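2 protein chains.
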Amino acid sequence: MRIGDLAAATGASARSLRYYEEQGLLASVRSPGGQRGYPHAAVERVGLIRSLLAAGLTSATIRDVLPCVADESIRTPWLADRLGDELTRVEGQIADLHRTRDVLAELVENYKINGTAETVLSTNQA
Amino acid sequence: MRIGDLAAATGASARSLRYYEEQGLLASVRSPGGQRGYPHAAVERVGLIRSLLAAGLTSATIRDVLPCVADESIRTPWLADRLGDELTRVEGQIADLHRTRDVLAELVENYKINGTAETVLSTNQA
DNA sequence: CTAAAACTTGACATGGATGTGAGGTTCAAG
DNA sequence: CTTGAACCTCACATCCATGTCAAGTTTTAG
Chain A
1 MRIGDLAAAT
11 GASARSLRYY
21 EEQGLLASVR
31 SPGGQRGYPH
41 AAVERVGLIR
51 SLLAAGLTSA
61 TIRDVLPCVA
71 DESIRTPWLA
81 DRLGDELTRV
91 EGQIADLHRT
101 RDVLAELVEN
111 YKINGTAETV
121 LSTNQA
Chain B
1 MRIGDLAAAT
11 GASARSLRYY
21 EEQGLLASVR
31 SPGGQRGYPH
41 AAVERVGLIR
51 SLLAAGLTSA
61 TIRDVLPCVA
71 DESIRTPWLA
81 DRLGDELTRV
91 EGQIADLHRT
101 RDVLAELVEN
111 YKINGTAETV
121 LSTNQA
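First to last, the protein sequences are chains A and B.
Read left to right, the first sequence gives residues 1 to 126 (UniProt numbering).
Read left to right, the second sequence gives residues 1 to 126 (UniProt numbering).
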């Protein structure tokens, strides 16, 4: 598939797909004329990339952590640690987000009951 | 308390606190000489602001959504919707993050077992 | 009174992913 | 062959919370 198709299939802009490639996250084979071609599996790959980006991983981190693309498996224990760290970070992020959600829910509640939102708004540490 | 104290108490930089004020998120009373003073409750307030920022709300949104600071209660139904939207968004974000966490966990697992991470890496839609 | 620490405003810099536009090439279809 | 859509590369713009630096003022402690 060509870049436009992949963009349509993933929701990522063509610009972003080129960027992912530039960052070493996504491979493509070029047509004789120089245009990018992607295997069908690229759709999932892009989904993964976007998820990780949305989770706050930086493209450099993703490159380190994501298997292959370029030079397959430089499996250092350092890398394993890295992965673990990111996992921990994301889990913390989820916990924080949970608290934030509760705060928002509380706001919504107070909003409904009286119109004055007597915000208690406790328990948050960024 | 003065800005330095609040910064120390919250982990936010003085720069950020001034920015929050500039954006209408945080109030202060000025000393005769023009320096900012905060009530004790500001600590919690800043915590809340930071949580919401971390959750991806923009400072403009927070201003809209957070009770008072400036003109208390312009309680339009529009605002209630807004709040609800953000709540929904954050909940979606949590769900996505959950999936991402699982993916990361999978990576870590594969990493431990064999050294080759045969990434299946399914089920993600940004 | 004085020096140091803390604060003030203002402006410019940063990062990271993405948008955007120019100017040119390739591809698919008539 | 021709045309228009899709693509290419480069480069600069944007967003938004923060960092950072400069030059000046206020506060606090000695």
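Just so you know, even glycine gets a beta-carbon here, dropped at the ideal spot from N, CA and C.
A quick note: this is a predicted structure, and the numbers were derived from the prediction, not measured.
Query, Result
"Given that Q35 of chain A touches chain B, what residues does it touch there, using C-beta distances under 8 Å?", "Chain B residues near Q35 of chain A: none, gap ~24 Å exceeds 8 Å."
"Would you please state the rounded distance, in angstroms, between the beta carbons of L6 of chain A and V43 of chain A? I believe it to be under 8 Å.", "7 Å"
"If L90 of chain B and R101 of chain A are in contact, beta carbons under 8 Å, what's the gap, nearest whole angstrom?", "According to the sequence shown, residue 90 of chain B is Val rather than Leu. V90 of chain B to R101 of chain A, Cβ: 5 Å. Contact."
"Among B:R99, B:I94, B:A105, B:G84, which has the Cα closest to the Cα of N110 of chain A?", "B:G84"
"Do you know how far the Cα of D64 of chain A is from the Cα of L53 of chain A?", "13 Å"
"Tell me which residues share the same chain as L66 of chain B and place their Cβ nearer than 7 Å to its Cβ, disregarding the 5 neighbours each side in the sequence.", "L25"
"Helix, strand or coil for T10 of chain B? Go by DSSP, reduced to three states.", "helix"
"Assuming the contact rule is C-beta atoms closer than 8 Å, S28 of chain A and Y38 of chain A should be a hit. Round their C-beta distance to whole Å, please.", "6 Å"
"Which value, in whole angstroms, describes the spacing of the CA atoms of T58 of chain B and Y20 of chain B?", "11 Å"
"Tell me, to the nearest whole angstrom, how far the beta carbon of T61 of chain A is from that of E86 of chain A; I am working on the premise that it is less than 8 Å.", "7 Å"
"Pull up the CB-CB distance for L97 of chain B and Q35 of chain A, whole angstroms please, since I reckon it's below 8 Å.", "Between Q35 of chain A and L97 of chain B the Cβ distance is about 35 Å, and since that is not below 8 Å, they are no contact."
"Determine whether the Cβ of Q23 of chain B lies closer than 8 Å to any Cβ atom of chain A.", "no"
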